[in-house]
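Using our numbering, count along the sequence shown one by one with no gaps and you end on 101.
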Amino acid sequence: DKIHARSIGPYSLVTQQPLGGKAQFGGQRFGEMEVWALEAYGAAYTLQEMLTVKSDDVAGRTKVYEAIVRGDDTFEAGIPESFNVLVKEMRSLGLNVDLHNSKQQRPGELPEAAE
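Next up, the structure:
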């Protein structure tokens, strides 16, 4: 009764993050102190994977599943859904938020994952 693990499971409809708690078959929380520990250890790729693909990067999650099926071992993280929620909340307050990408993009246009 004390051990809980998750390989796949439900996600929140708003933030697309894994639900919390054993009763809801949720994921384990990866908090600030765990993030700091991985930063101090220098595990940048592991940290990026934990905070994007294994959390709330919907497009990145799909790309990783496809890469696993193809046998590739690389992935490209996108924009976490929690960031998109923050941008939408700021815009609902009347704040003008412009996102610029290193790729050519029109000013004010959201990246693919942010729409």
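Ideal Cβ positions, reconstructed from N, Cα and C, are used throughout, including at glycine.
Distance from the CA atom of P(-4) to the CA atom of P4, rounded to whole angstroms, is 6 angstroms. Selection N82, V71, A63 evaluated against L(-1) yields V71 as nearest (Cα-Cα). Put simply, the stretch 58 to 70 touches the stretch 22 to 39. At least three CB pairs are less than 8 angstroms apart. Note that the C-beta distance between V44 and Q2 is below 9 angstroms.
Going by C-alpha positions, E20 is about 30 angstroms away from G57.
Rounded to the nearest angstrom, the gap between the Cα atoms of W22 and E35 is 15 angstroms.
Rounded to whole angstroms, the gap between the alpha carbons of E25 and T32 is 10 angstroms. If you draw a straight line from the Cα of G28 to the Cα of D84, it is about 31 angstroms long.
Under the DSSP definition of a beta bridge, Y31 lacks any partner. Counting of Cβ neighbours within 10 angstroms places R47 among the buried residues, the total reaching 16 or more.
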